[in-house]
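Here the structure comes first, spelled out in structure tokens, and everything after it is commentary.
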Amino acid sequence: MIGLEAYKPYLTYAKDLDDIDPVVALCCRSYYITKYIEAKHQSNKLFTPSESASINELLGMMEEAQKKLGFTKEERKAKVEDFCKKLFDCIVEDGLSAMEVTLQHALQFNTTADLIQLLKLFGDTPHAWEEKRKYCRYNAVVIYLSLIHISEPTRPLYISYAVFCLKKKKKKK
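Per the numbering used here, residue 77 is the first one in the sequence shown, and the count goes up by one each step.
Structural data, given as structure tokens:
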């Protein structure tokens, strides 16, 4: 089971997107709640009173936002797809044109993969979107690993070897 901490970034994304795209922000909160409840159910643990209060508060805020926005499920899906397409196109273009990759690029790829994950709220994710999500995760990992200094003695051997292999593969291409 993935820890509940893995879903907290969706609340941060929601706050960041409230003014930019409230529909995508609403979907971020919805995804967080869905995954949080699933994780609690799988762990067979009951909600604490504070967790119940937080969830109820968040659900109330989401219901209010949904009424205010007035989008149907299909319209929300279209908005999320459009947002993800723009984000994906932007990060790929930025990543390809960058003279040097940075941690910021890795974070952008990771965030894009997370936001593509929102499409699961609307049913099965189309294959093309799943491939884009994997592409983003892969690039985030490659960038993270490329930023690790191989010579740093505190790094575990397997990470250094992974970086070596990835750089070797990259040179062959």
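All C-beta atoms, glycine included, are put in the ideal place defined by N, C-alpha and C.
Here the structure is a predicted model, which is why all the values come from computation and not from measurement.
Compare the Cα-Cα distances from residue i to each of the options and report the closest residue.
i      : options                        : result
His181 : Leu93, Ile167, Lys161          : Ile167
Leu93  : Glu206, Thr187, Leu197         : Thr187
Glu189 : Thr88, Glu206, Ile224          : Going by the sequence as given, residue 189 is Ala instead of Glu. Of Thr88, Glu206, Ile224, the residue nearest in Cα terms is Glu206.
Gln184 : Ala129, Asn215, Lys196         : Asn215
Thr178 : Asp200, Ile113, Ser222         : Ser222
Lys196 : Ile224, Val217, Glu150, Tyr211 : Glu150
Lys84  : Ile96, Ile113, Lys144          : Ile113
Does the beta-carbon distance from residue i to residue j come in below 7 Å?
i      : j      : result
Val156 : Cys104 : no
Lys208 : Phe164 : yes
Ala82  : Ala90  : no
Tyr107 : Leu87  : no
Does the beta-carbon of residue i have 16 or more other beta-carbons within 10 angstroms, so that it is buried, or is it exposed?
i      : result
Ser227 : Reliability of the predicted coordinates at Ser227 is poor, the pLDDT of 43 falling under 50, and the value obtained from them is presented with this limitation in mind. Exposed, by the Cβ-count rule.
Asp170 : exposed
Gln193 : buried
Gly146 : exposed
Ile219 : buried
Leu191 : buried
The alpha helix (DSSP H) that contains residue i, what's its start and end?
i      : result
Phe185 : 179-192
Asp92  : 85-93
Glu81  : Glu81 -> no alpha helix (DSSP H), and no H or E assigned at all.
Leu134 : 125-145
Glu206 : 203-222
Ile96  : Run containing Ile96: none; DSSP gives neither H nor E here.
Contact check, residue i vs residue j under 8 Å by CB: the rounded distance?
i      : j      : result
Phe198 : Lys153 : 4 Å
Pro202 : Ala141 : Not really, about 26 Å apart at Cβ, beyond 8 Å.
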